[in-house]
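J.:
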Amino acid sequence: MLITMSSLILAASAPHCGPGHPSMIEAWRTDGFANPESVISDGQGGFFVSNVNGGGSDRDGNGFIARINASGEITDLDWVSGLDAPKGLARTQDRLFATDIDQLIEVDLATGRVIARHPIEGAQFLNDAAALPDGEILVSDSAGDRIYSFDAGVISIWMEGEHLDGVNGLLPEEGRLLVTTMARGELLAIDWDSRSVEVLATGLTNADGIARWCDGYILAQWPGIVSHISARGRVRTLLDQTEAGVLMNDIIIDGSTLLIPNWNPGSVWAFQLTSLMH
1 MLITMSSLIL AASAPHCGPG HPSMIEAWRT DGFANPESVI SDGQGGFFVS
51 NVNGGGSDRD GNGFIARINA SGEITDLDWV SGLDAPKGLA RTQDRLFATD
101 IDQLIEVDLA TGRVIARHPI EGAQFLNDAA ALPDGEILVS DSAGDRIYSF
151 DAGVISIWME GEHLDGVNGL LPEEGRLLVT TMARGELLAI DWDSRSVEVL
201 ATGLTNADGI ARWCDGYILA QWPGIVSHIS ARGRVRTLLD QTEAGVLMND
251 IIIDGSTLLI PNWNPGSVWA FQLTSLMH
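Each residue of the sequence shown is one higher than the one before, starting from 1 at the first, in this note's numbering.
1. At 3 residues or longer, and completely inside the stretch 25–57: list those beta strand (DSSP E) runs for me, N to C.
2. Flag this pair as yes or no: are the beta carbons of LEU171 and SER140 separated by less than 8 Å?
3. Consider the Cβ of GLY216: report whether some Cβ of chain C lies at a distance smaller than 8 Å.
4. Do the stretch 26–34 and the stretch 47–58 meet, that is, are 3 or more Cβ pairs less than 8 Å apart?
5. Just verifying my parser: in three-state terms, what is the DSSP assignment at ILE9?
6. Cutting at 8 Å between CB atoms, please list the residues of its own chain near GLY257, excluding the five before and the five after it.
7. Cβ of THR99 within 8 Å of Cβ of PRO119?
8. Any heavy atom of the ligand ADP within a distance shorter than 7 Å of the CB on GLU162?
9. Output needed for ALA116: all residues of its chain with C-beta closer than 6 Å, excluding positions within five of it in sequence on either side, in chain order.
10. Quick check: GLY63 and ASP84, are their CB atoms within less than 8 Å of each other?
11. Considering only residues of the same chain and omitting the five flanking positions on each side of ALA90, which have a CB-CB separation below 6 Å?
12. Give the DSSP-derived three-state secondary structure of LEU164 in the structure shown.
13. Helix, strand or coil for ILE251, going by three-state DSSP, please let me know.
14. Taking LEU239 as the reference, give the member of ASP165, LEU219, ARG232 with the closest Cα.
15. Using CA coordinates, which residue listed in HIS228, LEU204, GLY224, ASN127 is at the minimum distance from ALA211?
16. What's the C-alpha gap between HIS21 and ARG232?
17. Quick one: which unbroken beta strand (DSSP E) runs of 3-plus residues sit fully inside the stretch 95–145? Chain order, please.
18. The beta strand (DSSP E) spanning TRP222 covers which residue range?
19. In whole angstroms, what separates the C-alpha of LEU104 from that of TYR148?
20. Taking only runs that begin and end inside the stretch 156–201, name each unbroken beta strand (DSSP E) of 3 or more residues, in chain order.
21. Determine the DSSP secondary structure at HIS228, reduced to helix, strand or coil.
22. Note down the Cα distance separating MET248 from CYS17, rounded to an integer number of angstroms.
23. Check whether the Cβ atoms of ILE225 and THR202 lie closer than 8 Å to each other.
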């Protein structure tokens, strides 16, 4: 394990919002992961990190979920083991859920024990996961162009169609669900009640993880681009690591800290965000 710290470390706090796009200041980077795909808060100041450890569709049983603290130190590399290719993570009050090719893994938060594996019939490449306030879990199927619902043990198709071609990132908001699509390169907003779809941004490259930042969003685009999308849909590149061979996946923002799992070179990167003037 290697943790690299920046010379300037800002304590995690509420976002420093302003009228412009954010700046990114590296806080730390931790190496030693195996194709990390997603990061999510553990609710105790640390984070869970899903590790595919191989191909995204390989049923090899060597995928795992690690734990790190707020400084990026690995506290338990194999907190959950014996998975195939765990990707998206979602947390409820006492459960952690992980997508795993065509099933949803349910883990006891207190022990790290796998409680259940929920097969999703028809699923091809489950990717992101998001928890709703009532405990319902939504899961994207990037190869099946679907979003599934897991609600009180019942699995159903929440939405499907061509507009979800390459669906990936999911971000629940008040009144709507934000969705990124890799094949269509769009950021969509889906109304919770009517299920009507609004296109918020287009021209994205393999849109992946998305997180809210002030009145806009931070977006990861495969292979190695981090962008800011303003409230008006303007897309601005904040970081481009494509030439360096860095492969970025899902992202989260915790306070004012942006965390990015890098499939390659097997690291988790943390940045402090501060808004700038236009």
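Ideal Cβ placement from N, Cα and C applies to all residues, glycine included.
T.: Walking through what the data contain:
1. 36–41, 47–51
2. no
3. Checking the listed chains, one finds no chain C in this structure; it contains a single protein chain.
4. yes
5. No answer about ILE9 holds up, because its pLDDT of 33 lies below 50 and its placement is not dependable.
6. In the sequence under discussion, the amino acid at residue 257 is Thr, which differs from the Gly named in the question. Result list for THR257: ALA12, ALA27, ALA270, PHE271, GLN272, LEU273, in chain order.
7. no
8. Of ligands this structure carries none, so the ligand ADP is not represented either.
9. GLU106
10. yes
11. PHE97, ALA129, ALA130, ALA131, ILE137
12. helix
13. coil
14. LEU219
15. HIS228
16. 12 Å
17. 95–100, 103–108, 114–119, 126–131, 137–141
18. Counting along the chain, TRP222 falls outside any beta strand (DSSP E), and DSSP gives it neither H nor E.
19. 10 Å
20. 167–173, 176–181, 186–191, 197–201
21. strand
22. 25 Å
23. no
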